[in-house]
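As structure tokens, the structure follows; a few thoughts come after it.
Numbering (my numbering), first residue to last: -3 to 450.
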């Protein structure tokens, strides 16, 4: 028999730590190779981590809820010598944890399709590998493990600091090795305190004191439970987005009767040919992609006084989970047909619910679509997913009586399939007229959708 160390995996180049959110196995349980044994939460994704080999859980070192650095030993697995050798061989391939992330980033920046990335397994080894990254380029670009610990921040925290003109080195961090976390920097900004800055910023916080007032106290009989890692991250992200962007929302009613009829006629053949259910959402995504091509400012980001116009159109689609919300990204959607969008959408959504997404699949979105209409909501004003500048909301798709004017000028009442669409946009760089023109373009595209487009 042999003992194999199970470590906190590095789920992408820019991730230096993870929270062990739930143990799926306990000490003494037998596990099969690739069977999920624990769940982790990072600042990018929740994921189930599989066993590197078959064996018995002999020791659990990191408890649920603890946040530890990548490469930290979280448990030990008792297994036979051949399985231990196999696990060690897996760990001896350092490119496994960082190469897919680098490849996905390169493909995205080049405008090409990302490589297929499987769920990353927990790396197990009988030795203690250095957490120093895997390549010379990674060591020198500020994204290696040592660089991140030395600067005491993640790329997201550094971005927030740059937007607010803050010097991270002047802040006290609560993370691993004194790193400044999102919670640290957002709390500092909310406090209104002053810190040495590298440059003046138009986004610097104003005022002083606690903007939220005293914290509420629980009353007798109340139930108190801590936020999950995902809920805390969503909370931080939403507050930061409201503080960063000048939010404005416009609404339009869209007549989807034509799309509904095309879908009804083509549905059986489409599903037989592609093995995928044909819903309204792929039609909407395809129309939004065309709108982003016509109005590229909607597919941009703000970097200080500069506007970055993104070349790829990477559509994030919000997926509601029982334990929170996640936004997997359809990369290079402009290159996909309706069938391609449908396959990518269904695959990402199903793997999001099964916690099988890799960090790269929730990164680099350039525009987000959220669909609260599936729960019956008529309309909403969603919050922008930073660092994007717009988010599209879809209300409930339902039949409504509408007044239509015939060719003879007479008005009639007809039953039409309609929905309210919204667009929340960043008024710092997008004027209301442009946002409305974009939404009007999407409306026209859907209402005149060609049957040959399926």
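Every residue, glycine too, gets a C-beta built ideally from N, C-alpha and C.
Just so it is clear, the structure is predicted and the values come from calculations on it, not from any experiment.
Asked: Selection from 368, 254, 222 and 37 that minimises the alpha carbon distance to residue 448; Found: 254
Asked: Inter-residue spacing [alpha-carbon to alpha-carbon] between residue 69 and residue 23; Found: 15 angstroms
Asked: Distance between residue 441 and residue 282 (C-alpha atoms, nearest Å); Found: 9 angstroms
Asked: Runs of beta strand (DSSP E) wholly within the region 227 to 296 (minimum 3 residues, chain order); Found: 243 to 251
Asked: Uninterrupted beta strand (DSSP E) stretches inside the region 292 to 371 (no shorter than 3 residues); Found: 296 to 299, 302 to 305, 311 to 313, 315 to 317, 320 to 322 and 363 to 366
Asked: Length at least 3, wholly inside the region 56 to 81: the beta strand (DSSP E) runs in chain order; Found: 63 to 65 and 69 to 75
Asked: Nearest neighbour of residue 467, chosen from 299, 322, 72 and 289 [CA to CA]; Found: The requested residue 467 is not part of the displayed model; the chain covers only -3 to 450.
Asked: As assigned by DSSP and simplified to three states, the class of residue 219; Found: coil
Asked: 4-residue-minimum alpha helix (DSSP H) runs that sit fully inside the region 408 to 445, ordered along the chain; Found: 428 to 443
Asked: Residue 420 and residue 233 closer than 7 angstroms at C-beta; Found: no
Asked: For residue 49, three-class secondary structure by DSSP; Found: coil
Asked: Alpha-carbon to alpha-carbon, residue 364 and residue 354; Found: 18 angstroms
Asked: Same chain only: Cβ atoms within 8 angstroms of residue 250, ignoring 5 sequence neighbours per side; Found: 414, 415, 416, 417, 438, 439, 442 and 443
Asked: Straight-line gap, residue 66 to residue 268 (C-alpha atoms, nearest Å); Found: 44 angstroms
Asked: Contacts around residue 407, its chain only, beta-carbon distance under 6 angstroms, and the 5 residues preceding and following it disregarded; Found: 399 and 401
Asked: Residue span of the beta strand (DSSP E) that contains residue 33, given as start and end; Found: 32 to 37
Asked: Start-to-end residues for the beta strand (DSSP E) that takes in residue 16; Found: 13 to 19
Asked: Three-way DSSP call (helix, strand, coil) for residue 180 in this model; Found: helix
Asked: Inter-residue spacing [alpha-carbon to alpha-carbon] between residue 46 and residue 424; Found: 45 angstroms
Asked: Where residue 446 falls, given that 16 or more other Cβ within 10 Å makes a residue buried; Found: exposed
Asked: Residue 211 classed as buried or exposed, judged by whether at least 16 other C-beta atoms fall within 10 angstroms; Found: exposed
Asked: Sheet register partners of residue 388 (DSSP bridge); Found: 365 and 419
Asked: Span separating the alpha-carbon of residue 337 from that of residue 25; Found: 41 angstroms
Asked: Buried versus exposed, by CB contacts within 10 Å (16 or more), residue 310; Found: buried
Asked: Residue 133 to residue 252 span [Cα, whole Å]; Found: Confidence at residue 133 is low in this model, with a pLDDT of 39, below 50, so its placement is unreliable and no value can be given for it.
Asked: Cβ-Cβ distance between residue 72 and residue 49 below 7 angstroms; Found: no
Asked: For residue 314 and residue 366, believed in contact at Cβ under 8 angstroms, the rounded distance; Found: 4 angstroms
Asked: Span separating the alpha-carbon of residue 323 from that of residue 405; Found: 46 angstroms
Asked: Distance CB(residue 176)-CB(residue 183) smaller than 7 angstroms; Found: no
Asked: Buried or exposed by the 16-neighbour rule on C-beta atoms within 10 Å, applied to residue 383; Found: buried
Asked: With 16 other Cβ atoms within 10 Å as the buried cut-off, status of residue 394; Found: exposed
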